[in-house]
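Peer 1: Numbering (the numbering used here), first residue to last: 24 to 610.
Quick one: the structure is below, and I'll ask about it shortly.
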Amino acid sequence: MDATTRGPGSRVWAYVGRDRGRLTRLALVALAMALVSASAPVLIAQGPGYGLRSTTGGNLLAAGVIAGGVAVWALNRWRAYLTKCLVADAVLELRLDALRSALGQDLEYYDRNDRAEITSRITNDLESFGEATFNLLELLQQLLVVVLLVPLMFFLEWRLTLATLFGGVLIAWTTRRFGRVTRGRAGRAAAATGELTAAIAESTSALATVRAFGCEEPLISAAAGLNSRLFEANRRSDGFAALLQPLLSVISGAIMAMLVFAGGLMVEDAVLTVSAWYLFVLATDRVAWLLGSTGALDGQAQTALAAAERVFELIDARVQDTAAAEPPAPAKGEIRVTDLSLTYSSGNQALRGLSLEVPAGCHLGLVGPSGSGKSSLLKVLARMQSATGGTVHLDGRPLASIPEAELRRGVAYVPQQPQLFDGTLADNLRLAAPDATDEELTRLVAEAGLADWLAALPRGLDTPVGPRGAQLSHGERQIVCLIRALAKKPFLVLLDEPTANVDAATDEHLQTALRTLLAGVTCVMIAHRLNTVRSVDRIAVLREGRITESGTHAELLAAAGEYAALYEDFAYASADTRTAPVGGGPC
Numbered sequence: 024m025d026a027t028t029r030g031p032g033s034r035v036w037a038y039v040g041r042d043r044g045r046l047t048r049l050a051l052v053a054l055a056m057a058l059v060s061a062s063a064p065v066l067i068a069q070g071p072g073y074g075l076r077s078t079t080g081g082n083l084l085a086a087g088v089i090a091g092g093v094a095v096w097a098l099n100r101w102r103a104y105l106t107k108c109l110v111a112d113a114v115l116e117l118r119l120d121a122l123r124s125a126l127g128q129d130l131e132y133y134d135r136n137d138r139a140e141i142t143s144r145i146t147n148d149l150e151s152f153g154e155a156t157f158n159l160l161e162l163l164q165q166l167l168v169v170v171l172l173v174p175l176m177f178f179l180e181w182r183l184t185l186a187t188l189f190g191g192v193l194i195a196w197t198t199r200r201f202g203r204v205t206r207g208r209a210g211r212a213a214a215a216t217g218e219l220t221a222a223i224a225e226s227t228s229a230l231a232t233v234r235a236f237g238c239e240e241p242l243i244s245a246a247a248g249l250n251s252r253l254f255e256a257n258r259r260s261d262g263f264a265a266l267l268q269p270l271l272s273v274i275s276g277a278i279m280a281m282l283v284f285a286g287g288l289m290v291e292d293a294v295l296t297v298s299a300w301y302l303f304v305l306a307t308d309r310v311a312w313l314l315g316s317t318g319a320l321d322g323q324a325q326t327a328l329a330a331a332e333r334v335f336e337l338i339d340a341r342v343q344d345t346a347a348a349e350p351p352a353p354a355k356g357e358i359r360v361t362d363l364s365l366t367y368s369s370g371n372q373a374l375r376g377l378s379l380e381v382p383a384g385c386h387l388g389l390v391g392p393s394g395s396g397k398s399s400l401l402k403v404l405a406r407m408q409s410a411t412g413g414t415v416h417l418d419g420r421p422l423a424s425i426p427e428a429e430l431r432r433g434v435a436y437v438p439q440q441p442q443l444f445d446g447t448l449a450d451n452l453r454l455a456a457p458d459a460t461d462e463e464l465t466r467l468v469a470e471a472g473l474a475d476w477l478a479a480l481p482r483g484l485d486t487p488v489g490p491r492g493a494q495l496s497h498g499e500r501q502i503v504c505l506i507r508a509l510a511k512k513p514f515l516v517l518l519d520e521p522t523a524n525v526d527a528a529t530d531e532h533l534q535t536a537l538r539t540l541l542a543g544v545t546c547v548m549i550a551h552r553l554n555t556v557r558s559v560d561r562i563a564v565l566r567e568g569r570i571t572e573s574g575t576h577a578e579l580l581a582a583a584g585e586y587a588a589l590y591e592d593f594a595y596a597s598a599d600t601r602t603a604p605v606g607g608g609p610c
């Protein structure tokens, strides 16, 4: 059976039960503890027979009760440790699977789903799941005591046992009815937590904008409203669950009252001895307490299932790499796009029947006004966005048929906003080349013409970049992203505004470096600074998702069309006439 068609309970068990050895040890320890716990009422019930006399038998009985208590304490500590390890491993595997799914999604998924809400599923929901699953395993282990005590109760007095079990069935039915409602309310509380997390993350990530417009109070008010919704969701969930325990206590109390009354009559009629009756009351009290405790624990179980459902939704959304694992063909980087269309979930049509051919080794520049589809085309070529129509072929192979690992090895994509991770400069460069030595990384930086920049850093390759690269300037982050993309020696490079945020001197260095490092490599780059693409092999002008013009810089200027108008505007805005990278080959 496919995992996605199974219920959340069975899927949770599949994670919890992966470590068979630890699970077996836990079962043996739980069984030993249940045996010792079940023997306690038997020993204690012998006490009335000894009265207040100090005898050898009475002393041994007292010693046995004390020893049993110590054994239960020790076994319980061991059992709790094994349970925590089992749950921690399950939470870790679930968290890693959820993270793999989140990182494996295309960009369209994040257009439909809030990133902070997804983060909440991986963090908050799994914390709730771990706590609730631990309590659920506690319940299952405690029920072993019930399994051992019920046969003893039947042996002592079957009629009273049947009456007790009827009360147990009533407790179980009540718990189940409450649990269905609790699970739904726990799910709504988890969703409210995700919404609040998303709002706070959005506010803090846009701190500069918040401070610039002085809009702290409206955002705080919005967060307060979401917090009130979370409070109300938790109040309804916890308040309803809190009704269960008193109700179960009433049922358990009624059962005990019936046993005391009926048992007393049986002792009076000599049907039961005082010791047997006392043993039955002790056993029933233990069973009733365990069954009664299922109320609180069932609420925890429903919380665990509600959290697990949200996590499994994320795991099940994982994009599977269905491409056949064929031996990779020699990579050249030839691109053929035919009648390509892309419509976002919002209904915005970014690409409209676009067709394009890029020979191997060619450098193609994409220009056009904002919203013309340039970045969307690059994302489709990088297979980070799924097209809604048309085809894309890379070296004659459908892009969708290329295995993910092969594609990521050979295609480098540098987005407009540079993304770095907390760690050192070397750590970030090694994301593309994990086995690269410091010497190789230093040589790569030097080939990019940035040896002086690296030497100026306080600790060279070991310089910490900070969370999201905050210790570097925006331009420096973009430099690192460019070098990182080239570190894996790709056959196709996709650049979205590669020098948009660097100063003039650094731009000149990068243009020279790109001319050297991209020689013979297919490259598609977006440029708003038109000097960046003046010397590429071919330029394509996009408007409203279509290519309206195509040719070299000189050809397009001579045509006096849209590109010429764009270039004229650029020339007015900047007197910069720096040389861009030369082309890699004829287009």
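Positions of the beta carbon are idealized from the N, C-alpha and C atoms, including for glycine.
Note that the coordinates shown come from a computational prediction; the quantities given were computed from them, not determined experimentally.
Using the three-state DSSP reduction, which class does P286 fall into: helix, strand or coil?
Peer 2: Position 263 of the sequence shown, counting from 1, holds the residue named residue 286. The residue asked about is misnamed: residue 286 is Gly in this sequence, not Pro. DSSP places G286 in helix when its eight states are reduced to three.
Peer 1: If you check the beta carbons only, do T205 and L271 fall under 9 angstroms apart?
Peer 2: Locating residue 205 in the sequence shown gives position 182, counting from the first residue. Locating residue 271 in the sequence shown gives position 248, counting from the first residue. No, these two residues do not count as a Cβ contact at 9 angstroms.
Peer 1: Pull up the DSSP beta-bridge partners for T555, would you.
Peer 2: The residue labelled residue 555 in the question sits at position 532 within the sequence shown. Beta-bridge pairing links T555 to no other residue.
Peer 1: Just verifying my parser: in three-state terms, what is the DSSP assignment at D599?
Peer 2: Within the sequence shown, numbered from 1, the residue matching residue 599 stands at position 576. Residue placement at D599 is flagged as unreliable, the pLDDT there being 48, under the threshold of 50; the coordinate-derived value follows with that caveat. Coil at D599, not helix or strand.
Peer 1: Along the chain, where does the beta strand (DSSP E) containing L400 start, and where does it finish?
Peer 2: Within the sequence shown, numbered from 1, the residue matching residue 400 stands at position 377. Counting along the chain, L400 falls outside any beta strand (DSSP E), though it belongs to the alpha helix (DSSP H) covering K397 to L404.
Peer 1: Reducing DSSP to helix, strand and coil, say where V204 ends up.
Peer 2: Here residue 204 refers to the residue found at position 181 when the sequence shown is read from its first residue. Here V204 sits in helix by DSSP.
Peer 1: Run through the DSSP bridge pairs and tell me what L517 is partnered with.
Peer 2: For the purposes of this step, residue 517 is identified with residue 494 of the sequence shown, where counting begins at 1. Beta-bridge pairing links L517 to Y436 and V547.
Peer 1: Could you name the residues of the same chain whose beta carbon sits closer than 7 angstroms to that of G32, not counting the 5 residues immediately before and after it, in chain order?
Peer 2: Counting from 1 along the sequence shown, the entry for residue 32 is found at position 9. So the qualifying residues of the chain are L328.
Peer 1: Looking only at its chain, what residues have a beta carbon closer than 8 angstroms to the beta carbon of K355, apart from the 5 residues adjacent to it on each side?
Peer 2: Against the sequence shown, residue 355 aligns to sequence position 332. For K355, where only same-chain residues beyond five positions count, the Cβ hits under 8 angstroms are A383, G384, D418, F514 and T545.
Peer 1: Taking 8 angstroms as the limit between beta carbons, can you name the residues of its chain near F177, skipping five residues before and five after?
Peer 2: Here residue 177 is taken as the residue at index 154 of the sequence shown, counted from 1. Only T184 meet the Cβ criterion.
Peer 1: Candidates A306, W196 and G412: which alpha carbon is nearest G376's?
Peer 2: What you label residue 376 is simply residue 353 of the sequence shown in a count that begins at 1. Nearest option by C-alpha distance: G412.
Peer 1: Go ahead and pull the three-state DSSP assignment for P269.
Peer 2: Counting from 1 along the sequence shown, the entry for residue 269 is found at position 246. P269 falls in the helix class under three-state DSSP.
Peer 1: Once DSSP output is grouped into helix, strand and coil, what is the label at D137?
Peer 2: Taking the sequence shown and counting its residues from 1, the one referred to as residue 137 is at position 114. In this structure, D137 counts as coil in the three-state DSSP scheme.
Peer 1: K110: buried (16+ other C-beta within 10 angstroms of its C-beta) or exposed?
Peer 2: In the sequence shown, counting from the first residue as 1, residue 110 sits at position 87. Before going on, a small fix: residue 110 reads as Val here, not Lys. Label assigned to V110: buried.
Peer 1: Residue range of the beta strand (DSSP E) that S151 falls in?
Peer 2: The sequence position of residue 151 within the sequence shown is 128, counting from 1. That residue, S151, is in no beta strand (DSSP E); its alpha helix (DSSP H) goes L149 to L179.
Peer 1: By Cβ distance below 7 angstroms, which residues in the same chain neighbour L49 in space, the five residues on each side in sequence not counted?
Peer 2: In the sequence shown, residue 49 corresponds to position 26, counting from 1. So the qualifying residues of the chain are R102, L105, T106 and L109.
Peer 1: Using the Cα positions of I194 and I274, report the straight-line distance between them to the nearest angstrom.
Peer 2: Numbered from its first residue, the sequence shown carries residue 194 at position 171. Numbered from its first residue, the sequence shown carries residue 274 at position 251. Answer to the nearest angstrom: the Cα atoms are 7 angstroms apart.
Peer 1: Any idea if W196 is buried or exposed, counting beta-carbon neighbours within 10 angstroms, 16 or more meaning buried?
Peer 2: One-based indexing of the sequence shown puts residue 196 at position 173. W196 is exposed by the Cβ-count criterion.
Peer 1: I'd like to confirm the pairing. Which residues does DSSP put opposite S573 in its beta bridges?
Peer 2: The count along the sequence shown starts at 1 and reaches residue 573 at position 550. Paired residues: A563.
Peer 1: Does the region 484-496 come close enough to the region 440-453 that 3 or more CB-CB pairs lie under 8 angstroms?
Peer 2: Taking 8 angstroms as the limit for Cβ pairs, the verdict is that the region 484-496 does touch the region 440-453.
Peer 1: For F263 versus R208, is the C-beta distance shorter than 9 angstroms?
Peer 2: The count along the sequence shown starts at 1 and reaches residue 263 at position 240. The count along the sequence shown starts at 1 and reaches residue 208 at position 185. Result yes, Cβ atoms of F263 and R208 sit closer than 9 angstroms.
Peer 1: Apart from the five residues on each side of it in sequence, which residues of its chain come closer than 6 angstroms, Cβ to Cβ, to L75?
Peer 2: Residue numbering aside, residue 75 sits at position 52 when the sequence shown is read from its first letter. In this prediction, L75 scores a pLDDT of 47, lower than 50, which makes its location untrustworthy; the coordinate-derived value is nonetheless stated afterwards. Contacts found: none.
Peer 1: Grab me the residues of D519's own chain with a C-beta within less than 7 angstroms of its C-beta, minus the 5 sequence neighbours each way, in chain order.
Peer 2: Here residue 519 refers to the residue found at position 496 when the sequence shown is read from its first residue. The residues are S398, L401, V437, P438, Q439 and I549.
Peer 1: How about the region 84-92 and the region 116-128: do they share at least three Cβ pairs that are nearer than 8 angstroms?
Peer 2: The region 84-92 vs the region 116-128: no contact.
Peer 1: Given 8 angstroms as the limit, is there contact between the region 141-156 and the region 58-68, that is, 3 or more CB pairs closer than that?
Peer 2: Not touching, per the Cβ criterion.
Peer 1: Exposed or buried, Y38, counting other C-beta atoms within 10 Å across all chains shown (16 or more means buried)?
Peer 2: Taking the sequence shown and counting its residues from 1, the one referred to as residue 38 is at position 15. Y38 should be labelled buried.
Peer 1: Name the two residues that bound the continuous alpha helix (DSSP H) containing R466.
Peer 2: Here residue 466 is taken as the residue at index 443 of the sequence shown, counted from 1. D461 to E470 is the span of the alpha helix (DSSP H), which, as asked, contains R466.
Peer 1: For V503, count the other beta carbons within 10 Å of its own beta carbon; 16 or more makes it buried, fewer makes it exposed. Which is it?
Peer 2: In the sequence shown, counting from the first residue as 1, residue 503 sits at position 480. Flag for V503 reads buried.
Peer 1: Flag this pair as yes or no: are the beta carbons of E131 and S368 separated by less than 9 angstroms?
Peer 2: Your numbering for residue 131 matches position 108 in the sequence shown. Your numbering for residue 368 matches position 345 in the sequence shown. For E131 and S368, yes; Cβs fall inside 9 angstroms.
Peer 1: Closer than 8 angstroms by C-beta to V95: which residues in its own chain qualify, once you throw out the five before and the five after it? Chain order, please.
Peer 2: Here the question's residue 95 lines up with position 72 in the sequence shown. Hits under 8 angstroms: M56, V59, S60 and A63.
Peer 1: Let me know the secondary structure DSSP gives Q501 once reduced to three states.
Peer 2: Walking along the sequence shown from the start, residue 501 turns up at place 478. Q501 falls in the helix class under three-state DSSP.
Peer 1: Is it a yes or a no for the region 236-252 touching the region 148-163, going by three-plus beta-carbon pairs under 8 angstroms?
Peer 2: Result no; under three Cβ-Cβ pairs closer than 8 angstroms.
Peer 1: According to DSSP, P487 sits in a beta bridge with which residue or residues?
Peer 2: On the sequence shown, position 464 is the one that residue 487 refers to. Answer is T447, bridged to P487.
Peer 1: CA-CA distance, A254 and R466?
Peer 2: As a first step, residue 254 must be located in the sequence shown, where it is residue number 231. As a first step, residue 466 must be located in the sequence shown, where it is residue number 443. Here the sequence assigns Phe to residue 254, which means Ala is not the residue at that position. Roughly 56 angstroms separates the two Cα atoms.
Peer 1: Using the C-alpha atoms, what's the distance from L553 back to L473?
Peer 2: The residue given as residue 473 occupies position 450 in the sequence shown. The residue given as residue 553 occupies position 530 in the sequence shown. Their Cα atoms are separated by approximately 23 angstroms.
Peer 1: Between R406 and the rest of its own chain, which residues show a CB-CB distance below 7 angstroms, the 5 nearest in sequence each way excluded?
Peer 2: By one-based count along the sequence shown, residue 406 stands at place 383. These residues qualify, in order along the chain: L422 and L430.
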